[in-house]
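Take the sequence shown: its letter number 205 is residue 205 in full-length UniProt numbering, and every next letter is one higher.
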Amino acid sequence: MFTDGDGAARPGVLVEGVVHELDSPLLDAGLEPSLDALLRAGGLGAVEPGEPVAELDQVSLLPPLRKPEKIVCIGLNYRSHAEEQGAEPPQQPTFFAKFRNALAAPGATVPLPRASRKVDYEAEVAFVVADRCKDVPESEALDHVAGYLLFNDLSARDLQFATPQWMPGKVFDGSAPIGPALVTPDEAGPHDAIDLELLLNGERMQQATTADLVHSVPALLSYLSTLMTLEAGDIVATGTPAGVGSLRRPRVWLKPGDEVIVRSRVLGELVTRIGEPR
């Protein structure tokens with residue numbers, strides 16, 4: 001999703017660094033011009049790149065998904081992250097929720113929450129659900145994945161661990177930067193070979209691939225679908241690898257002026273800047 005010259009939000013197709021108009025018969029028929037609406041209508045299979053608009057760095061990007069019904073985040077799901085905590089990987093996925101207020105666009109400046117003094121970064125790969133589904137066998141789960149994108153699970157650790165459940169530290173405005181684009185499974189490649197790393201002010205802090213996930217993408221979709229109906233456009237962030245700031249010595253907390261980059265060879269680059277508390 002991007003904004004054009006008059007500020008209108010439009011879905012686009014990214015081809016070799018150039019944003020193109022998105023062509024779809026569903027849009028021609030009057031469907032709301034958003035990726036969310038296209039997913040709900042089952043229309044990604046008919047999407048084609050249209051006329052070029054501009055180079056990627058010449059448009060203002062929006063979160064690829066703007067109205068997900070659910071944002072599900074998986075905790076302690078990299079073996080390396082469990083190891084750095086001295087914890088056993090969980091037998092069942094541990095998860096919590098974020099909400100739409102948490103979404104932030106690629107390149108956005110996210111203000112720190114006034115209620116926290118200990119905000120951390122978490123590089124993640126997220127997948128997007130393609131269609132409404134329930135009780136999906138793991139062997140069929142990838143048929144229900146629309147694609148992948150980068151996700152930064154910004155976390156206020158002092159609020160997160162103030163109660164037995166984590167959500168107070170996970171829900172502040174802008175705490176879920178996502179993007180830069182939804183990458184389809186054929187472009188992203190095998191679900192268990194997606195690379196990611198996180199740079200803080202140019203220094204690499206995290207690096208892994210999804211081969212290190214405790215619970216894989218198909219396992220997560222299958223499991224979550226036994227608990228609730230998943231809807232087209234739902235976002236599932238699959239967890240973060242070792243290297244978070246709260247477990248470093250000395251600890252590393254985000255501060256105004258910091259630049260956090262989550263990047264992947266196949267999913268692109270997600271830049272977030274940290275702003276003054278608000």
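Beta carbons: idealized from backbone N, C-alpha and C, even for Gly.
Legend entry - Sequence-distant residues of its chain with Cβ nearer than 7 Å to residue 318 (five each side left out): Given that the chain is displayed from residue 1 to residue 278, the structure contains no residue 318 and the question cannot be resolved.
Legend entry - Segments of 4+ residues assigned as alpha helix (DSSP H) that fall wholly inside the stretch 31 to 117: Restricting attention to alpha helix (DSSP H) runs no shorter than 4 residues, the stretch 31 to 117 encloses them at 35 to 40, 79 to 85, ordered along the chain.
Inset, instruction - Could you tell me if residue 192 is buried or exposed, where buried requires 16 or more neighbouring beta carbons within 10 angstroms of its beta carbon? - result: Counting the other CB atoms within 10 Å of its CB gives residue 192 a total below 16, which places it among the exposed residues.
Inset, instruction - Have a look at residue 159 and residue 171 and give me their C-alpha separation to the nearest angstrom. - result: About 10 Å.
Inset, instruction - Assign residue 160 to one of three DSSP states: helix, strand, or coil. - result: Three-state DSSP puts residue 160 in a helix.
Legend entry - Residue from 64, 200, 229, 239 with nearest C-alpha to residue 215: Ranking 64, 200, 229, 239 by Cα distance to residue 215 puts 239 first.
Inset, instruction - Spell out the partners DSSP gives residue 264 in its beta bridges. - result: According to DSSP, which records beta bridges pairwise, residue 264 is partnered with 268.
Legend entry - Outcome for residue 57 when other beta-carbon atoms lying within 10 angstroms are tallied against a minimum of 16: Looking at its Cβ environment, which holds fewer than 16 other Cβ atoms inside 10 Å, residue 57 is exposed.
Legend entry - First and last residue of the uninterrupted beta strand (DSSP E) at residue 180: Note, residue 180: beta strand (DSSP E), 176 to 183.
Inset, instruction - List the DSSP bridge partners of residue 195. - result: Under DSSP, the beta-bridge partners assigned to residue 195 are 209.
Inset, instruction - State the beta-bridge partners of residue 2 as determined by DSSP. - result: Answer by DSSP bridge pairing, in chain order: 10, 61.
Legend entry - C-alpha gap between residue 51 and residue 14, whole angstroms: Cα to Cα, residue 51 sits roughly 11 Å from residue 14.
Legend entry - Cβ contact check for the stretch 185 to 201 and the stretch 95 to 110: 3 or more pairs under 8 Å: The stretch 185 to 201 is not in contact with the stretch 95 to 110.
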